[in-house]
Amino acid sequence: MSAPAANTRFAPRHILGTEGLSPEDITSLLDAADGYVDLNRSRQKKGDKLSGLTLINLFFEISTRTQTSFEMAAKRLGADVINMSVATSSIYKGESLIDTAMTLNAMRPDVLVVRHPHSGAVELLAQKMACAVINGGDGSHEHPTQALLDALTIRRRKGAIGGLIVTICGDIAHSRVARSNIHLLTTMGARVRVVGPPTLIPPMIERMGVEVYYDMAEGLRDADIVMMLRLQLERMHGTYVPSLRENFHFYGLDEEKLAAAKPDALIMHPGPINRGVEIDTSVADDIDRSVIAEQVEMGVAVRMACLEAVTAVPPEDGGS
Amino acid sequence: MNGAPARAFVNARLVDPASGIDSPGAVLVEDGVIKDLGPRLFADGVPDGIEATDCGGLVLAPGLIDMRVTLHETGETHKENLHTASQAAIAGGVTTMAVIPAPNQAIETPAQVEYLISRGRETGLTDLRPYGSITRGAKGETLTEMGLLSEAGAVGFTEGHKALADADTMRRALSYSTRFGLPLMQHPEEPSLAAGGQINEGEISTRLGLKGIPVAAEVIVIERDLRLLELTGGRYHVAHVTTAAGIGAIRAAKDRGLPVTCDTAPPYFGLNETSVGDYRTFAKLSPPLRTESDRQAVVAGLEDGTIDAIASDHLPQDPDSKRLPFAQAEPGAIGLETLLPLTLELYHGGTLSLGQALARVTCAPARILGLQAGRLAKGAPADFVLIELDAPWIIREADLGSKSKNTLFDGRPVQGRCRATVFRGRTVFSQDA
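Chains A and B are the protein sequences, given in the same order.
Counting in my numbering, the first sequence runs from 338 upward without gaps.
Counting in my numbering, the second sequence runs from 5 upward without gaps.
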């Protein structure tokens, strides 16, 4: 198993977001993840670094890939995994988030992965937990492991992140993926653009260090990376776009719009994709440019690296 | 009135914003009212039979009138009750609490108004003055019996923590209330623009992934209501203005001579949106904390007199209502006990003179609500506060008398402390230096 030298390793107590991570922190995680990619491609995948540790997946929103990805990552490192989804939890019995945290805390897990529909909820929960907490997505705020797996995908394909033009398209307003990517990519020196209808570009987002475009072809000009986002209809109250048809006309990724990007531009999507809504099937399945499946693969490696990082220092020594 | 013996408060610095008095002097109190006062009173000593209190040179000012207090007296009493609120009030020098309906409640019958007034009277600690709701059930549709509420003792009308959104209902409410001379107090926030909103709309809401409430939500309601006021006459009061645009609209209306008044609350001149930090739910208020430039506009509005009054916006919330994901937490902060020192920041910081600062919490709200209190004058209620003007202290959540401890100002160093509170001639609170 290849892993970076211990003295450069990033060993945070929690991973709650990409905001505030340094280029060195990010590089440390990506280097470690890179090693796990090779391991995951080999026949014997099982390691023992997290042997004896317990991970709880606590998902207040449904998830296929993130939850499975964390479960697989933890099991490959030898940890025991418990999955708790909202349908089976006491939240429906009126238990508050803090009480849920206290209950789980008493069971002494080692890592808690949390997804929650409200921004800031994972941070609130982390304050009450003795174990490490990894944010599996909180409301419209952050989804750090998604940004890290995107970064790993980009770095492996392009060699480096700094200097690239990355265009993030679609529902920026409701997207935690967009925010985590903006923090990470700008920290690593990429030029980040956001593209979408004005109703889905949140106010003053340029203060996060991005350029704003309402015209997709302009936003895609000379882009190295095209990141498509799904319309988060479940978070929209009222009309943000008049119709999916109109949205696709102006902001759906098809061959014609993609022509503005660099010829070797990569197409990314955090999934689940909605064909014909934000991305044309021919583009999504373009084996030369679409790295959507590769993102999923990188997700397991990145989560292994994150699990290793947050368990590197036991909580007793790591302080609380 | 209460048959108490005459009392003399001597060796005080009398500060009465209403008359502009600021001089050493004494006050004579009898039967709960001020019998006499002035620099030469008791110059030759206090006659026998009158109990004398030496004020030690402290400022003696009218008791504070807090224009907007939520009591929870008839609802969520685990958050606050009349007893705890009264203790907090008198510890902060507040002798009149104007009570607004709690969230999702209404004060819509004369019996409710009378009940609150009499409950206040029973405590003997402060004067409780309820507002009436503008519409039944605060649903924004049918007007309450404004006339009967007014006769029962309501000091004004308000929907409480929400705006009266319907323009036609507002027009009729303004029009109908002209008959009774009481102000209509509006929560200035267009509900459709603020729906789901958590904090001020801007860079911070975008970073935190929280739905923002735009400045336009405030100014739209104010400007609309001012147009209606032009049609109807009546008296219109804007509660807690927070934005430069909203204050600008009110300033222009006052210049045109419209009968509009407004207030703000300490969080809006003492803090800005950065207090939200990483989802600090204690900083969730309605209206939300705004940008630094809006905060400066509030200070400027206080300085030039556009903002008439300062209210505490006292809204107790228990931990279970605040220790939640931000979007699920209840808005509001307590403020009764910190109204005086935070208002005095405007004096210590050089924005307002002492008289101007105290006017915002005494004679100005008295004028808006039509109260006899709020001034030092012969015949006025003997409600006053003794203030050690320069005393430095630190606001500590645990020291506050409210049942709920949701203050935004925990740990804040302030200057100026209430040393004693006198209500209807009786010392109801005192605290040594």
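Beta carbons are placed, not taken as given, at the ideal position from N, Cα and C, and that holds for glycine.
From a predicted model like this one, the values you see are computed outputs, not experimental measurements.
Within the same chain, D475, G476, H478 come within 8 Å of G457 (chain A) by CB-CB distance, once the 5 residues on both sides are set aside. The stretch 283-296 of chain B and the stretch 212-225 of chain B touch, with no fewer than 3 CB-CB distances between them shorter than 8 Å. In the structure shown, the three-state DSSP call for T182 (chain B) is coil. Here the alpha carbon of R299 (chain B) sits roughly 39 Å from the alpha carbon of G383 (chain B). Apart from sequence neighbours up to five positions away, the residues of its chain that approach T146 (chain B) with a beta-carbon distance below 8 Å are T139, R140, ordered along the chain.
Residue range 11-20 is occupied by the beta strand (DSSP E) that includes A16 (chain B). Only D282, Y283, T285 from the stretch 272-298 of chain B bring a Cβ to less than 9 Å from some Cβ of chain A. Under a criterion of Cβ atoms nearer than 9 Å, the residues of chain A adjacent to A199 (chain B) are, in order, H574, G575. Among the residues facing chain A, T210 (chain B) is included, as its CB has a counterpart in that chain under 7 Å away.
Not one beta carbon of chain A lies nearer than 7 Å to the beta carbon of P195 (chain B). Excluding residues up to 5 positions away in sequence, N394 lie with their Cβ nearer than 6 Å to the Cβ of N420 (chain A) in the same chain. Taking C-beta separations shorter than 6 Å and ignoring five residues to either side along the sequence, the partners of V219 (chain B) in its chain run T247, A249, following chain order. Per DSSP, reduced to three states, the secondary structure at K83 (chain B) is coil, with no helix or strand assignment.
If you draw a 10 Å sphere on the C-beta of E222 (chain B), you find 16 or more other C-beta atoms in it, and that means buried. DSSP places K143 (chain B) in no beta strand (DSSP E); its state is neither H nor E. Listed in chain order, the positions of the stretch 59-90 of chain B with a beta carbon within less than 8 Å of a beta carbon of chain A would be empty, since no residue qualifies. Of all residues in the stretch 538-568 of chain A, those with a C-beta nearer than 8 Å to a C-beta of chain B are P539, P540, M541, I542, R544, M545, reading in chain order.
Contact annotation for Q332 (chain B) against chain A: H455 [CB-CB distance below 7 Å, chain order]. Using a CB distance cut-off of 7 Å, H606 (chain A) does not count as an interface residue toward chain B. Within the DSSP bridge table, the entry for D267 (chain B) names B:A313 as partners. Closer than 7 Å at the C-beta level to chain A, one finds no residue of the stretch 177-192 of chain B. Against G216 (chain B), the close residues of chain A are P539, P540, in the order they occur along the chain (beta-carbon pairs closer than 9 Å). P385 (chain B) is not a Cβ neighbour of A395 (chain B), given a cutoff of 7 Å. From the beta-carbon of L328 (chain B), the residues of chain A found nearer than 9 Å are S433, L434, I435, H455, A458, L461. For the pair of segments examined, the stretch 41-52 of chain B was found not to touch the stretch 368-375 of chain B: the number of CB pairs separated by less than 8 Å stays below three. Partner residues in the beta bridge of A337 (chain B), as assigned by DSSP, are B:H318.
Residue burial is scored here from C-beta neighbours: S406 (chain B) has at least 16 other C-beta atoms within 10 angstroms and is therefore classed as buried. CA-CA distance, G389 (chain A) to I505 (chain A), rounds to 40 Å. Selection A:H455, A:N377, A:R378, A:L392 evaluated against T648 (chain A) yields A:L392 as nearest (Cα-Cα).
Cβ neighbours of L197 (chain B) within its own chain (closer than 8 Å, five residues either side excluded): I217, P218, A220, A221, I224. For E207 (chain B), the residues of chain A that pass the 7 Å Cβ criterion are M541, R544, in the order they occur in the chain. The closest CA to that of P607 (chain A), considering only A:G384, A:R626, A:E631, A:V374, is found on A:E631. Closer than 7 Å to the CB of G213 (chain B) there is at least one CB belonging to chain A.
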